[in-house]
Every structure is written in C-alpha cells, then in structure tokens.
Amino acid sequence: MEKSAISKTKQFLFSIFSGFDRQLGLILLALAAIGFFTFLSASQNTPVHFQDELRNLMLSFMVMWIVSRIPPKWLETAAVWIYVIGITLLVAVAIFGLIKKGARRWINLGIVIQPSELMKIATPLMLAWYFHKREGVQKAWDYGVAAIILGIPVFLIARQPDLGTALLVFAAGMYVIILAGLPWKWILPFIAIGTFGIILIIIFGNTICANDVTWPLIHAYQKHRVCTLLDPSSDPLGKGFHTIQSMIAIGSGGFFGKGWFQGTQSHLEFIPEKHTDFVFAVFSEEFGLLGNLILLGLFFALIKRGLAISASAPNLFTRLLGGSVTLIFFTYAFVNIGMVSGLLPVVGVPLPFISYGGTALVTLGFGAGILMSIHRHRRLVQS
Amino acid sequence: MVSFKKPNLDSFQGRIHIATLFVTFCFLILVTRLVWLQLISHNKYALQAENNRIALVPAPANRGLLIDRNGIVIGRNYSALTLDINAEEIQGNVDTLIDELSQIVMISPKDRRNFKRSLEDSRKMGTFPLRSMLTEAETARFMANRYRFPGVEIRARNFREYPYNELASHLIGYIGRVSKADKERMQAEIENAKADDPSALQTSFLPGIQYVGKIGIEQSYEEVLRGTPGYDQVEITAGGKPVRTLSSSPSVPGKNVVLSIDIKLQYLVEQLYGNFRGAFVAIEPATGDILAFVSKPNFNPNDFVEGIDAITWKELNDSPQKPLYNRPLKGIYPPASTYKPFMALAALETKKRTATQSIADPGYFVFGNHTFRDDKKGGHGMVDMEKSIVDSCDTYYYLLARDMGVNMMHDFMKPFGFGQITGIDLRGESKGILPSTEWKKIAFKKPEQQKWYEGETISLGIGQGYNTFTILQLAHGMANMVNNGIVMKPHLVKAIEDPFTKNRTLTTPKESYRIDLNPENIEVIKKAMVEVNNSGTSASVFRGAGYKVGGKTGTAQVFNLNAKEYNHGSTAEFLRDHALYIAFAPADKPTITIALIVENAGFGAQYAAPIARKALDFYLEGKWPKEIPEWKRAP
Numbered sequence: 001m002e003k004s005a006i007s008k009t010k011q012f013l014f015s016i017f018s019g020f021d022r023q024l025g026l027i028l029l030a031l032a033a034i035g036f037f038t039f040l041s042a043s044q045n046t047p048v049h050f051q052d053e054l055r056n057l058m059l060s061f062m063v064m065w066i067v068s069r070i071p072p073k074w075l076e077t078a079a080v081w082i083y084v085i086g087i088t089l090l091v092a093v094a095i096f097g098l099i100k101k102g103a104r105r106w107i108n109l110g111i112v113i114q115p116s117e118l119m120k121i122a123t124p125l126m127l128a129w130y131f132h133k134r135e136g137v138q139k140a141w142d143y144g145v146a147a148i149i150l151g152i153p154v155f156l157i158a159r160q161p162d163l164g165t166a167l168l169v170f171a172a173g174m175y176v177i178i179l180a181g182l183p184w185k186w187i188l189p190f191i192a193i194g195t196f197g198i199i200l201i202i203i204f205g206n207t208i209c210a211n212d213v214t215w216p217l218i219h220a221y222q223k224h225r226v227c228t229l230l231d232p233s234s235d236p237l238g239k240g241f242h243t244i245q246s247m248i249a250i251g252s253g254g255f256f257g258k259g260w261f262q263g264t265q266s267h268l269e270f271i272p273e274k275h276t277d278f279v280f281a282v283f284s285e286e287f288g289l290l291g292n293l294i295l296l297g298l299f300f301a302l303i304k305r306g307l308a309i310s311a312s313a314p315n316l317f318t319r320l321l322g323g324s325v326t327l328i329f330f331t332y333a334f335v336n337i338g339m340v341s342g343l344l345p346v347v348g349v350p351l352p353f354i355s356y357g358g359t360a361l362v363t364l365g366f367g368a369g370i371l372m373s374i375h376r377h378r379r380l381v382q383s
Numbered sequence: 001m002v003s004f005k006k007p008n009l010d011s012f013q014g015r016i017h018i019a020t021l022f023v024t025f026c027f028l029i030l031v032t033r034l035v036w037l038q039l040i041s042h043n044k045y046a047l048q049a050e051n052n053r054i055a056l057v058p059a060p061a062n063r064g065l066l067i068d069r070n071g072i073v074i075g076r077n078y079s080a081l082t083l084d085i086n087a088e089e090i091q092g093n094v095d096t097l098i099d100e101l102s103q104i105v106m107i108s109p110k111d112r113r114n115f116k117r118s119l120e121d122s123r124k125m126g127t128f129p130l131r132s133m134l135t136e137a138e139t140a141r142f143m144a145n146r147y148r149f150p151g152v153e154i155r156a157r158n159f160r161e162y163p164y165n166e167l168a169s170h171l172i173g174y175i176g177r178v179s180k181a182d183k184e185r186m187q188a189e190i191e192n193a194k195a196d197d198p199s200a201l202q203t204s205f206l207p208g209i210q211y212v213g214k215i216g217i218e219q220s221y222e223e224v225l226r227g228t229p230g231y232d233q234v235e236i237t238a239g240g241k242p243v244r245t246l247s248s249s250p251s252v253p254g255k256n257v258v259l260s261i262d263i264k265l266q267y268l269v270e271q272l273y274g275n276f277r278g279a280f281v282a283i284e285p286a287t288g289d290i291l292a293f294v295s296k297p298n299f300n301p302n303d304f305v306e307g308i309d310a311i312t313w314k315e316l317n318d319s320p321q322k323p324l325y326n327r328p329l330k331g332i333y334p335p336a337s338t339y340k341p342f343m344a345l346a347a348l349e350t351k352k353r354t355a356t357q358s359i360a361d362p363g364y365f366v367f368g369n370h371t372f373r374d375d376k377k378g379g380h381g382m383v384d385m386e387k388s389i390v391d392s393c394d395t396y397y398y399l400l401a402r403d404m405g406v407n408m409m410h411d412f413m414k415p416f417g418f419g420q421i422t423g424i425d426l427r428g429e430s431k432g433i434l435p436s437t438e439w440k441k442i443a444f445k446k447p448e449q450q451k452w453y454e455g456e457t458i459s460l461g462i463g464q465g466y467n468t469f470t471i472l473q474l475a476h477g478m479a480n481m482v483n484n485g486i487v488m489k490p491h492l493v494k495a496i497e498d499p500f501t502k503n504r505t506l507t508t509p510k511e512s513y514r515i516d517l518n519p520e521n522i523e524v525i526k527k528a529m530v531e532v533n534n535s536g537t538s539a540s541v542f543r544g545a546g547y548k549v550g551g552k553t554g555t556a557q558v559f560n561l562n563a564k565e566y567n568h569g570s571t572a573e574f575l576r577d578h579a580l581y582i583a584f585a586p587a588d589k590p591t592i593t594i595a596l597i598v599e600n601a602g603f604g605a606q607y608a609a610p611i612a613r614k615a616l617d618f619y620l621e622g623k624w625p626k627e628i629p630e631w632k633r634a635p
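Going down the list, the sequences are from chains X and V.
Residue numbers for the first sequence follow UniProt numbering, so the first one is 1 and each next one is one higher.
Residue numbers for the second sequence follow UniProt numbering, so the first one is 1 and each next one is one higher.
Quick look at the structure:
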C-alpha cells in the first residue's frame, strides 16, 4: 500500500520531470537560490517583499516547465505569428504606448506589458525559422532578408528609446545569423572596426568627451554615459556616482566578502537599483571574489550546457534557436557584470535569475524552457 | 564572390566551438576585472567604503575667555538658538528659501547678506546660521512649519561676545568665520605638525573649527583659545541620513587668557580721550605687564564676529579718523621732547656731560648755515642738565646731539628699544626709525641721499628729524629706564588659565636683557623728571597729586612750518601738533610708566599730561574723575 503510493508519486514526478534537463535544472536552481538569498539582503528597506521574488521565481520555473514540454515543432509553427504579434505590439506601443521616465515602452492590455521583452525571444525565433526554411537553398540575399527581419524590431525599440534592449535584441538576432553561417569575411571587418573604435575611444577619451564635442547619431545623455564610464570621477555625484559606488562595493568585498547582510554599501543605500540591475554589487560585497567565482562558474556551466544542447540539436531551427538563446543568457550575464563592475556603460540589463523583476525572469524561464524542450525532443525529431 | 556552402552540422559545430571560445574569453575578462577590484584594489575600495559610511560630525570646542588682570571678563561666549541651513540640502533658489523663511522668523537684510557670503566662501559645504538669537515665539513658529523646510533646523550655538563693545577693541581683536585662506593655512600647519608628531592628528579636525581669531589677542593666542574640536563618528546613508553614532571624541575647551590689562584703567583712558585720536600705553616696569593699551578711536569687535555688514565696514574703512588703525602698535611718531630725558641719560652714561655742566642758551643754535631755534625767544639763559629737562631747553640738546653724533646716540638708544621690535604679543608691530649712518645707507637708494649730513644730527637731539617711534616703544623705554636697565618684554597676556581647575600658568615675566647703567645717573634723570611736574612744563597739571610723579611733555610737529610761526587755532586740524607725554610713578618706586600721544591736539602739557594725571590718580589712588561716567561691570 505504502510502497505503491511511493512508487506512484515517483512515477508521477518522473512523468513531470521526464526530459527536464537535470544539469540545466540544477544550475538554474542554484542560480535562483543565490538570487533569492541576495535578494533578501538587497531588498532590506525597499518596498518589495520576498514573497514577490518567490512568486516570480516560481512563475519563471513554471513557464520553463511548460515550455520544456512544448515540442520545438510547435515553436517552429508559431514563430512567424509570435514575431508578427510582437511587431504589431511594438507599433501599437509607438502609437498608444504609456510614457514612463520619458520613454514610450509599455502598453496596457489589461496588464501592462513591455513588448520589447517579447522580441528578445521572438526575433531569434523568427530568424531561426527563416534560415531553417532556406536550408539548402541559401543565397546571399537571404542575409538581406535576415537583416530586415532583425532591423524592424531593433529600429522600433531603439526609437522608444531603449537602446539597451535594442542592442540585446540585435545581439540575439546576430547570434542566429552568425551561427547560420554568415561568412567570416563579412564578420571580421566589423570586429576589426569595433575593436579599433574601442581602442580609439579609450585613447582619445579626453578629447572626444570635451564639452563642446557632439557625437553624430548619439544623444547627449548617451555620450555622457560612455564618457563617465571612461572616467567615472568626472561626474562623481551624477552619472558616475553609481559606477563608482558599485565598484567600491565590489572592491571592498575582498576575497571572502563581508558576509550575508553585512554589506555597508548596499545597506546604507549607496548602490542604485540594488535589487534589480545592480544586485551583483550587493552579492559581490557580501560574498567576495569567492562568491563571484562560484557565480561565474555557474553561468559558464549554464552556457556550456546550453551550447552542448544546441550542438546536438536535431535540426537547423533548434540548433540556431538553442545557440541564440544560450548566447543571450551569456550576453545578459556579461553585460550586467561588466556594467556593474565599471567595464561597460550603464544599460538596463538584468543579471539572469539573480536580478529581481517579473518580466525578465519569465523571459529567461521561457528561454531555458526552449533549451530543455530542444534537449527533450532531440530523439523524437531524429526518429 | 562569396560562395555559400550548405551549412552542415560540422560548420555549425565549428561555430559553436568558436562561440565557446568567445564566451570563455569574455568570462576571463570579467574574472580579471573582479580580481583587480577585489584583490588588488581591495584596500583602496575598503577604505572608500569606510569613508562613505562614516561621517564625522564636528563638535566645536568652547573658546577660552579673555579676562583682565582683576578677573573681569572682556571676551566671552553665549549660547543662543539659531536657525541653521545645511548648504548641501538647499534645493532651488537660496533667496526663495530665505523669503519663505522670513514669513516665519524675522530675517534682516544683514542676516541674508552674511549667510550668502558664508555660503560663497565655503563653496556650499556645511551648515550656516541664517539668524541667531531666535525668540521663543519664532522658535515655536518654525517648529510648527519645520516639515516645509528640509535642511533647515534650530540649534543652540555658541557665539563670541565682547561685553564692553568698543572698549580695548584693538588689543582684544575679534574672531570671524574661518575663511578659505584660513583653512588652507591651518591645513598646512597641521601637515607640518603631523610630519613632526604623527599623534598630532587629533587636533587636525578642521571642519570643527568654524571661527578663528583675526586680529589682536584673539589672533595671537588663537591656538590657546581655540581648544580642540571633537567629533562624533556617525554612520550615514548615501543620502547623508545618520543611522547611528559609532563613537564620540569630545571637544576640549580652549584655555582662558588672563590679560595684564587693567580694564578699568583702559576704560578711563579711553573716556579721557573724548573725541581726540591717539595712543596710550601704560606698563608695569618690574614685569613688563601692559596695564593699558589704548588706540583711539576704536571700533566694535562684535560687529565682526558674524561677518561685518558692508555699510559698517565702509564707514570704518573710509573714515579719516582711521578707527581700525592700531595706533600704539603701528603708529609711528616723532617722540619730540619726551626724548630729552633719554638723551640726558645718554650724555651722562657716555660722559659727554655731567649733571652740573651748564651751557648758555641764546635761544638758537647755528650749525653751518642753518639756525636751529628754541621755543623760548631770547633763550633760557644758563642751562644745566636738570633745567634742560624741566624747561625743555632745545639748545642744550642741539649741542649735545652735535657732541655725541648720530651713531653714539643710536648705540645708546637701541637697547632701550627705540626703533626696535619690542616683541609684544600682538602681530603687526611697527619698527619705527632709530637713525644711524648705517641705517641711512640702507634706507636710501641714491648715493647722495645715503650720506649722513652733520646737520641732520642736530634735530635728533630734540626727538625730531628721522626719529620715529611707536608709543609702545616710548612707554617701554621709560619702563626700562626706571627699571634700572632691566628690560622686560612688554606683553598683554599674563597667564593662561585652565577653564576647569582655574590653575594659572604664567606666560611672563621674561627678562630680555640688562642695560648696563649707572643708578646714580638714572636718579639724576628721574629727579629732573619729577621736577618737571613740580615746577616745569606740566607742574600745573600735577598740582596736589598724592604721589610723586616724574614726567616729560612733548609737542611734535606734524609738518615742517619752514620757520613760520605756528598758530594752533588757524592750522587745519590734521596738521596741528601732536601732544605727547611720558611719565612714571610713584617716583621712588615706580609701579607704572606711561607714554601717550594726543594726535593733532597741540601742546603736550595742555592736552596729554592731564590724561596721564587722571590715569595715575585712578591707578595709584583709586580716584575717579567726576566728568567720566562710572565704570559699570557688564551684566
């Protein structure tokens, strides 16, 4: 009687988690746990409660579970629709959107949503679908079409303005295009120009950041952001303040950190957005370099696993989609840590599974679900 | 042309490998960055985090009191409620904020000006008083409206107060808010002190020092008076909100300074001057204690404490009376006939004359083609040393000066302190001129001017010519003579008093050096000077004095009359003669010596000697002149 109950439960659990990638699941669970504990410390004296974070995490895992059970074939079928709906919403935002903090990014459909978040998945989905369709008959102009598919959402999002998200969507799409086989001859010159440009900016930072110099195509505040990155002390009480303070938080953490709930920088409100975008500074201060190495290790393992899943995926659509999703995870983590540690300009990018925030967690859960679904259905598709 | 291969699994996996390499590379960058921040720069950031977290809230020290030799407090502190504004929290326009505040408490244009000036001086750092001495009603009104004014608060503050206002203003000086220059100077001093003694760090808490002595005793005894500011170590948020106090370092109050001044004597003399300008110095010869140090006219130091307003400043600064000028310290005047007793002593000591040697005075002395006149037409007849002093015979001293020569006079007078820095404990002392051939070589540029002409020696004998001394030097010289050549450094501060135990540490007396003088010679001069007040120029002034007093009048020409007759009434006020007087009393054992000048007043006997008489009557016998209002102790 009792034995059969246990076996029934076991059977039920097995059916639920069958195909649920164990490695990926454990890594994400560990990240979520780190995120939750950091959140408890970071959210002190803030109006957000840990119940919200717990709910968001559960929601994220639920989405992940649901998506992991959806066959990739369905996603392939829905790709165009999701993309079209996404673009429609972006256009609607441009016309009817709500304005907050000077940007038109949100739309009220009963609940207020931010369609640009959806495009982070919808764009690579669409591109993967397109390259999958053109597999075997690929021509040079296919990259032109891909550029249009990618360009529309990036343009619409950049106009909101939300340069951070636009760059992330652009990156997500570019990952698909590059993985689909964009010739190196086309990629390398851009890498070279980019590298050269960055070196130039660093060398001539003082000259181009002079007050009377305006940059073509770039808003004054965006120039300001890059310039304060080059020299945070140039604006110690303004834009540079956040970078300086988060660097102080990270640096003062030392090797072992100050201990959970012991971070002075975060608890004395020196860190901005300390439970969302700058949560890494809180974590770094309290858990030190040791904690950071573990955290980076987890992210690295997550990406390795994601790339491994993609490499063994059954068809081009799943390969491209998996690779892109994985590299988005990487981009989030790299850009977030880079910006909090003062390497990159401050753009609103959350740290995957660590930062507080419902939409991002759901999007990330969705991405993780896609990877699991790909893993789960690899044999089914092959057979 | 680019060729497009069919993308197969191999090429995809190749790209995945490259992606892995790229990701690894990027993660290594992050790890490097974190190692840089958390290991290599850890100490720097840990310190910055600590500095972030902890604010030092200054606790200013109570400034020491200024007390006269009889225990009367002439510089003190009082506590009053003030309306303070934290400059860092001002949002929007300062004037708008003050306008709004003025609906609740009275704010004068002066308050507003002072506040804005301290705001500019400090580059908007720190908390500044807008209005002091709030009434109870104002305090209550503000407290009810407090929520409307973030960064504005009521605090009890200590203020410096000089209860007798103008009295003794030049010697007391005043304090004022620390200026940027003061701050930089103090910073440099602290750096130097730290280099010598690292534990001196304790005194280095500059933000706690809000006032600093600007002139006078307040300036010269600043370090003693100031004390050591304390501070609370307070943990603060990024917004500057205090969270908790971590530790406290209490302030150490400054020490009291006990002046050698008799403030009642000072008051009396200042009153005696009336509307005249001038300087008066009284010294206790045995100790070098300065008993009175008068500069008239004077000013109210209270006006300066919280920043003087522009109108008062302009008035003081532009006044032809020069009320801000410290006359006894900086004013240099020809000593005129008050120099004669010193010349006579020089004659005896250098054996150029004996006391009984006489000259025949025809009323003038011809040297080269120049005639030096006596003030008495027809001359004084046969004049010996005593008569030369009593009748103030110029011819006697023309001859004496010729016989001594400029350098012998210089060498004799120098140890008395003429034309020298006396070393009084105030800054900015003038040196004056005690001429010599050496001096002239340095003082003039052109070779023909550098040469000493014998004719220039003659008028030195009667305290004119190049001779210019301060009244302080004159009083000091008098004290040195009656002290039998023992030179005591003149000083305004007698002792430093511990504010709690009241233990006094004597800062003085200090014997500087001794002049080798024959006491018999000094007696000759003293006797002659007593005779001046018995039968000489100031005899009428001292009639009926209850003590024996020696003195000498002097009348100094302000400009050269070119042998024209001087008519006091018809001469413009600022060109009239200065009246001088020097004195010591009681004659047998002097406890006070005096030198004074009444600017542009006329004859010494008529204008200067009466002031000395009344000052001595009070100091020696406690007699208060009827025409002077009673001294009232400040509440």
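All C-beta atoms in this analysis are idealised placements derived from N, C-alpha and C, irrespective of residue type, glycine included.
Alpha-carbon spacing of residue i relative to residue j, whole angstroms
i, j, result
"V:Lys44", "V:Asn93", "37 Å"
"V:Ala583", "V:Ile594", "5 Å"
"V:Gly463", "V:Ile283", "21 Å"
"V:Asn256", "V:Pro328", "25 Å"
"V:Leu460", "V:Ala556", "12 Å"
"V:Ile332", "V:Asn317", "20 Å"
"V:Arg33", "V:Tyr174", "56 Å"
"X:Asn108", "X:Val91", "13 Å"
"X:Ala30", "X:Ala128", "30 Å"
"V:Lys564", "V:Cys393", "Residue confidence is low: V:Lys564 scores 48 on pLDDT, short of 50, so the model does not pin down where it sits. No coordinate-derived value is stated."
"X:Arg69", "X:Ala313", "16 Å"
"V:Arg514", "V:Pro635", "44 Å"
"V:Lys377", "V:Arg76", "57 Å"
Counted within 10 angstroms of its Cβ, other Cβ atoms place residue i as buried (16 or more) or exposed
i, result
"V:Lys494", "buried"
"X:Asn45", "exposed"
"X:Thr9", "exposed"
"V:His42", "buried"
Beta-carbon neighbours of residue i, restricted to chain X and to distances below 9 Å
i, result
"V:Ala282", "None at all; the shortest Cβ gap to chain X is about 59 Å."
"V:Val234", "Chain X residues near V:Val234: none, gap ~11 Å exceeds 9 Å."
"V:Val105", "By Cβ distance, chain X contributes nothing, its closest Cβ being about 31 Å from V:Val105, past 9 Å."
Listed by chain order, chain V residues near residue i by CB distance under 8 Å
i, result
"X:Ile248", "Tyr45, Gln48, Ala49, Asn52"
"X:Phe300", "Val23, Thr24, Phe27"
Cross-chain neighbours of residue i in chain V, by beta carbon under 7 Å
i, result
"X:Ala311", "Gln13, Ile16"
Bridge-paired residues (DSSP) for residue i
i, result
"V:Lys552", "V:Ile582"
"V:Lys365", "In the sequence as presented, Lys is not what sits at residue 365 of chain V; that position holds Phe. According to DSSP, V:Phe365 bridges with V:Phe372."
"X:Trp106", "X:Leu98"
"V:Arg514", "V:Ile486"
"V:Phe293", "V:Val281"
Contacts of residue i in chain X (Cβ-Cβ under 7 Å)
i, result
"V:Val23", "Ile303, Phe330"
"V:Ser41", "Gly251"
Closer than 8 Å at the beta carbon, the chain X residues around residue i
i, result
"V:Gln38", "Ile250, Gly251, Gly253, Gly254, Phe255, Ser284, Gly288, Leu289, Asn292"
Would you list, in sequence order, the uninterrupted beta strand (DSSP E) runs of no fewer than 3 residues that lie entirely inside the stretch 265 to 291 of chain V?
-> As far as the stretch 265 to 291 of chain V is concerned, its whole beta strand (DSSP E) runs of at least 3 residues are 278 to 284.
Sequence ranges, alpha helix (DSSP H) only - wholly within the stretch 110 to 139 of chain X, length at least 4 | As far as the stretch 110 to 139 of chain X is concerned, its whole alpha helix (DSSP H) runs of at least 4 residues are 115 to 133.
May I have a chain-ordered list of the alpha helix (DSSP H) segments no shorter than 4 residues that lie completely inside the stretch 377 to 465 of chain V?
-> Annotation: the stretch 377 to 465 of chain V contains the following complete segments of the alpha helix (DSSP H) (minimum length 4 residues), in chain order: 385 to 390, 394 to 404, 406 to 413, 437 to 443, 447 to 450, 454 to 460.
Every unbroken alpha helix (DSSP H) within the stretch 152 to 202 of chain X, with a cutoff of 4 residues, ordered by chain = Within the stretch 152 to 202 of chain X, the complete alpha helix (DSSP H) runs of at least 4 residues are 163 to 179.
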